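All residue numbers for the sequence shown refer to our numbering, where the first residue is 1461 and numbers rise by one.
A virtual CB, placed ideally from N, CA and C, is assigned to each residue, including glycine.
Every value quoted in this text rests on a predicted model; they were computed, and no experiment measured them.
Input: a single structure, listed below in structure tokens.
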Amino acid sequence: MPDANKEMTLSSLISGSFGAAGQRCMALSTSILVGDSKQWIPELVERSKTQKVASGAEPGADFGPLISPEAKKRVCDLIQSGVEAGAELLLDGRNIQVKGYENGNFLGPTILHRVHPTMECYTTEIYGPVLATMEVDTLDEAINIVRTNPYGNTTAIFTASGATARKYSMKCDVGMVGSLTSLCQNDFIYLVLRGVTIYLGCHHKE
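Now the structure itself:
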């Protein structure tokens, strides 16, 4: 949401999308930017470029290679399918070269923008360092996209409004919903786990 803490949101998007080269079941694969938050896209791209891709044993590496040549090819094919379907390739990590590992299965941070829910790069779990982004005008539009996703594993919202976070959590038909807000004196996180709401922190709003 446009009222979210931009610094925290961008950092979370980058680490959630590219950490472990996106090879984890809870990797963040899609971001829906609501309203004016779409203005953060250029900064998201620039900050993603600073991610250090290297072998997992090197100090300071943000993430390492994919697990196999086949895995890399699969991810590259899904990226290309998005481009061919009309997505904007804002950051292309397919040609990255890591010194000393020129034949490695490395893939740099990649961002596909204006992705549509019918595209294969959205409907298929990419399992690589790729972030698909969408733009909508309202929270209700974002909720509709989430609700119509056939998988419904997990989702999260970044906002400074407890009311917005609660609405999102209650209306998204997803197995696990994370809501992180940045309220000055009422910071809280609450998760909805299969219908059970757990409040973490010293305050929450009804």
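Reduced DSSP secondary structure (H/G/I, E/B, other) of residue i
{"i": "methionine 1594", "result": "strand"}
{"i": "methionine 1468", "result": "helix"}
{"i": "methionine 1636", "result": "strand"}
{"i": "isoleucine 1474", "result": "helix"}
Presumed contact (8 Å Cβ cut-off) between residue i and residue j, rounded CB distance
{"i": "phenylalanine 1566", "j": "proline 1525", "result": "5 Å"}
{"i": "serine 1538", "j": "cysteine 1581", "result": "One detail in the question is off: residue 1538 reads as leucine in this sequence, not serine. Indeed, because the Cβ distance is near 5 Å, the residues count as touching under 8 Å."}
{"i": "alanine 1470", "j": "glutamate 1503", "result": "In the sequence on display, residue 1470 carries leucine and not alanine. Rounded, the Cβ-Cβ distance is 6 Å, consistent with contact."}
{"i": "threonine 1570", "j": "valine 1590", "result": "4 Å"}
{"i": "tyrosine 1628", "j": "isoleucine 1603", "result": "6 Å"}
{"i": "threonine 1477", "j": "alanine 1487", "result": "In the sequence on display, residue 1477 carries serine and not threonine. Sure, about 7 Å apart at Cβ, within 8 Å."}
{"i": "glycine 1482", "j": "glycine 1588", "result": "5 Å"}
{"i": "alanine 1480", "j": "phenylalanine 1523", "result": "6 Å"}
Opening and closing residue of the beta strand (DSSP E) in which residue i lies
{"i": "phenylalanine 1618", "result": "1614-1619"}
{"i": "isoleucine 1571", "result": "1570-1573"}
{"i": "glutamate 1681", "result": "Given that the chain is displayed from residue 1461 to residue 1666, the structure contains no residue 1681 and the question cannot be resolved."}
{"i": "leucine 1549", "result": "1548-1551"}
Residue i - containing alpha helix (DSSP H), residue span
{"i": "asparagine 1565", "result": "Element bounds for asparagine 1565: n/a, residue is neither H nor E."}
{"i": "alanine 1602", "result": "1599-1607"}
{"i": "glutamate 1585", "result": "Premise fails: glutamate 1585 is in no alpha helix (DSSP H) and is neither H nor E."}
{"i": "threonine 1624", "result": "1622-1631"}
- Do the segment 1545-1563 and the segment 1461-1468 meet, that is, are 3 or more Cβ pairs less than 8 Å apart? Taking one beta carbon from each stretch, the segment 1545-1563 and the segment 1461-1468 have fewer than 3 pairs nearer than 8 Å; the two do not touch.
- Query: Fully enclosed by the segment 1485-1521, which beta strand (DSSP E) runs are 3 residues long or longer?
  - Reply: Entirely contained in the segment 1485-1521, the beta strand (DSSP E) runs reaching 3 residues are, in chain order, 1490-1494.
- Message: Within 8 Å, do at least three Cβ pairs link the segment 1553-1564 to the segment 1603-1622?
- Response: Not touching, per the Cβ criterion.
- Check whether the segment 1533-1541 touches the segment 1488-1501, taking contact to mean three or more Cβ pairs, one atom from each stretch, closer than 8 Å. Taking 8 Å as the limit for Cβ pairs, the verdict is that the segment 1488-1501 does not touch the segment 1533-1541.
- Message: Pairs of beta-carbons, one from the segment 1509-1517 and one from the segment 1590-1609, closer than 8 Å: are there three or more?
- Response: With a cut-off of 8 Å, the segment 1590-1609 and the segment 1509-1517 do not count as touching, because too few Cβ pairs lie within range.
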